[in-house]
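Participant: Sharing a structure with you now.
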Amino acid sequence: MLLKPIVANDDEANWKLGWQVEGIGANDSTAIVAQYFLPTNITIQSKGFVDPHSGQSQIRFNPAGAAKSKHGGFIANRLIFAHTKNTDLQRHVILAASGRS
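So for the sequence shown, the numbering used here puts the first residue at 13; every next one is plus one.
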């Protein structure tokens, strides 16, 4: 699956405004189609998660891409893909440090 930010100005990609699926499918060759560099720490406003220590409704990611709470505890994340014309059509991806889903 190839994702890209909805708004990309030159080399600066703005992931905060959302992203879209560029392509889905199996590809025999491994090639980088597009590469976007993200900031070291990303903060995403969350609808359901509340950090038990800070009380803030957000998820923070460390440079390795793992989510963490204010005190460093791991958080499993759910990434929800929804279609813009049919919001009932959703796919949920569970992200966890162990790789299990």
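Heads up, the beta-carbon is just placed ideally off N, CA and C, and yes, glycines get one too.
Does DSSP put Q102 in a helix, a strand or coil?
Facilitator: Sequence index remark: in the sequence shown, residue 102 carries index 90 (1-based). Correct three-state label for Q102: strand.
Participant: If the criterion is Cβ atoms closer than 8 Å, does the pair F93 and V19 meet it?
Facilitator: Start at 1 with the first residue of the sequence shown, and residue 93 comes out as number 81. Start at 1 with the first residue of the sequence shown, and residue 19 comes out as number 7. Going by C-beta atoms, F93 is not nearer than 8 Å to V19.
Participant: To the nearest angstrom, how far is it from the Cα of W31 to the Cα of H95?
Facilitator: Residue 31 sits at position 19 when you count from the first residue of the sequence shown. Residue 95 sits at position 83 when you count from the first residue of the sequence shown. W31 and H95: Cα-Cα distance of roughly 11 Å.
Participant: Once the 5 residues before and after V105 are set aside, which same chain residues still bring their CB inside 6 Å of it?
Facilitator: In the sequence shown, residue 105 corresponds to position 93, counting from 1. Once the five neighbours on either side are set aside, the close Cβ partners of V105 are L91.
Participant: DSSP three-state label for G46, please.
Facilitator: Taking the sequence shown and counting its residues from 1, the one referred to as residue 46 is at position 34. The sequence given here places Ala at residue 46; Gly does not occur at that position. A46: coil per DSSP, three-state reduction.
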